[in-house]
């Protein structure tokens, strides 16, 4: 895997300040107050925080730190704890390892490491991959320092082209992780990921991939139409979108891996109103971008939904899936 920036070690000075992260709050009841990069409405040509192709030097990250911080508690609550036991068993049986080496693809602000590292025993070294140096810096300085048993956790950061990930790049890896990544890959990119993991003989824990289903209470007649348009938007340009888990399961299974899939839904109520409001804006915005004929009905729908959210009367379940692929040990790397 090509590295496009000098590796940075943890302990970098200068944790991002509140002022650096602050942005004007969106106004309730409007459809255009979306945190830049929040939710499922990328600007034209934008992709996930993983660099899948070479872009210009002035390209902005799709996901703002504000959005990633806003969703982190919901992500932590949603991730499938049931997958940890088979993962621990596999990691405990790794031959000749004195510690774990974990590659986190599209790490963003490092939420996966903050969730998973304290749940695994033994020394760990995390290699954080993302396209945005600011997010990498934030992830490094906010990373956990201790494993479940008190062992040391260290970290380094890399900027690289994940679409060209190879078994050689994962040489010595114990585990590959990612969150909210699979649905912004194409099938060839999912095959590349499976090839690299299978070739290196390391398992993959890939969490929070969209499942294409949303439940909103109280229900509205427009819910289903918006959901269908949003799902079509997620598939644009050959992206996997809600088909990501099925396609990735096939890719890993074809390479001899044992694959486990467990639901990992966001369950949003009054306590998550800020996240729900941002998600609603992004969800409706993506649907209207896909189907402009929905705009006249979507605008009053969004105003009503945001008002219900602010009043604590809205419940939203956003369905995701977590995937654990247990590749054959050893690999070819």
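In this note's numbering, the protein residues as written are 1 to 333. We put the CB at the ideal spot given by N, CA and C, even for glycine.
Worksheet item: What number of angstroms, rounded off, separates the C-alpha of residue 316 from the C-alpha of residue 110?
Response: Going by the C-alpha atoms only, they are around 25 angstroms apart.
Fill in: Spatial distance of residue 287 from residue 223 (CA atoms)
The C-alpha of residue 223 is placed about 11 angstroms away from the C-alpha of residue 287.
Practice prompt. Buried or exposed for residue 131, please, with buried defined as at least 16 other CB atoms from any protein chain shown within 10 angstroms of its CB.
Written response: Buried.
Fill in: the stretch 159–177 in contact with the stretch 94–104 per 3-pair CB rule at 8 angstroms
The count of Cβ pairs closer than 8 angstroms, one atom from the stretch 159–177 and one from the stretch 94–104, reaches three, so the stretches are in contact.
Practice prompt. Measure the Cβ-Cβ separation of residue 349 and residue 320 and say whether it is below 7 angstroms.
Written response: This structure gives no information on residue 349, because the portion of the chain shown stretches from 1 to 333.
Worksheet entry | Own chain, CB closer than 8 angstroms to residue 125, minus 5 neighbours either side, in chain order | Excluding sequence positions up to five before and after residue 125, its CB lies within less than 8 angstroms of the CB of 99, 100, 101, 102, 153, 154, 155, 156, all in the same chain and listed in chain order.
Worksheet item: Tell me which same chain residues have a C-beta within less than 7 angstroms of the C-beta of residue 82, skipping the five on either side of it?
Response: Closer than 7 angstroms at Cβ, skipping near neighbours: 262.
Item to complete: Return the CA-CA distance between residue 106 and residue 195, expressed in angstroms with no decimal places.
Response: Their backbone Cα atoms lie some 18 angstroms apart in a straight line.
Fill in: residue 138 versus residue 118: straight-line alpha-carbon distance, rounded
Roughly 18 angstroms between the two C-alpha positions.
Discussion item. Here's a check: name, in chain order, each residue in its chain whose Cβ is nearer than 8 angstroms to the Cβ of residue 245, leaving out the five neighbours to either side.
Written reply: Contacts found: 182, 209, 211, 261, 321, 323.
Discussion item. For residue 284, list the residues DSSP reports as bridge partners.
Written reply: Looking at the DSSP assignment, residue 284 forms no beta bridge with any residue, so it has no partner.
Worksheet entry | For residue 268, the first and last residue of its enclosing beta strand (DSSP E) | Going by DSSP, residue 268 is part of the beta strand (DSSP E) stretching over 266–268.
Worksheet item: Between the Cα of residue 136 and the Cα atoms of 151, 112, 149, which residue gives the shortest distance?
Response: The closest CA to that of residue 136, considering only 151, 112, 149, is found on 112.
Fill in: Cut-off 8 angstroms between Cβ atoms - residues of its own chain near residue 328, not counting five sequence neighbours on either side
Contacts found: 198, 201, 256, 257.
Discussion item. Using CA atoms only, rank isn't needed, just tell me which of 68, 69, 73 is closest to residue 265.
Written reply: For the options 68, 69, 73, the alpha carbon positioned closest to that of residue 265 is the one of 73.
Worksheet item: According to the Cβ coordinates, are residue 251 and residue 191 closer than 7 angstroms?
Response: Yes, these two residues count as a Cβ contact at 7 angstroms.
Worksheet entry | Helix, strand or coil at residue 178 according to DSSP, with G and I counted as helix | DSSP places residue 178 in strand when its eight states are reduced to three.
Worksheet item: How is the beta strand (DSSP E) around residue 209 delimited, first residue to last?
Response: Counting along the chain, the beta strand (DSSP E) containing residue 209 begins and ends at 204–217.
Worksheet item: From this set, 213, 114, 64, 300, which residue's C-alpha is nearest residue 79's C-alpha?
Response: Closest option to residue 79, Cα to Cα, is 114.
Discussion item. By the DSSP assignment, the alpha helix (DSSP H) with residue 233 in it spans what residues?
Written reply: Annotation: the continuous alpha helix (DSSP H) that includes residue 233 extends over 223–234.
Worksheet item: Using DSSP with H/G/I as helix, E/B as strand and the rest coil, what is residue 145?
Response: If DSSP states are grouped into helix, strand and coil, residue 145 belongs with coil.
Practice prompt. Tell whether a beta-carbon distance below 7 angstroms holds between residue 275 and residue 71.
Written response: Cβ distance < 7 angstroms, so residue 275 and residue 71 count as in contact.
Item to complete: Let me know the secondary structure DSSP gives residue 111 once reduced to three states.
Response: If DSSP states are grouped into helix, strand and coil, residue 111 belongs with the helices.
Item to complete: Name the residue from 289, 294, 205, 278 whose alpha carbon lies nearest to the alpha carbon of residue 305.
Response: When C-alpha distances from residue 305 are compared across 289, 294, 205, 278, the shortest belongs to 278.
Worksheet item: If you measure from the CB of residue 162, is any heavy atom of the ligand FMN nearer than 6 angstroms?
Response: With respect to small molecules bound, the structure shown includes none, and the ligand FMN cannot be examined in it.
Practice prompt. Please name the residue or residues paired with residue 263 in a DSSP beta bridge.
Written response: Per DSSP, 321.
Practice prompt. Taking the CB atoms as reference points, tell me whether residue 170 and residue 108 lie closer together than 7 angstroms.
Written response: No, Cβ-Cβ distance for residue 170 and residue 108 is not below 7 angstroms.
Fill in: Beta-carbon proximity list for residue 240, same chain, < 7 angstroms, skipping 5 on both sides
Within the same chain, and ignoring the five residues on either side of residue 240 in sequence, the residues whose Cβ sits closer than 7 angstroms to its Cβ are 182, 183, 185, 186, 187, 190, 247.
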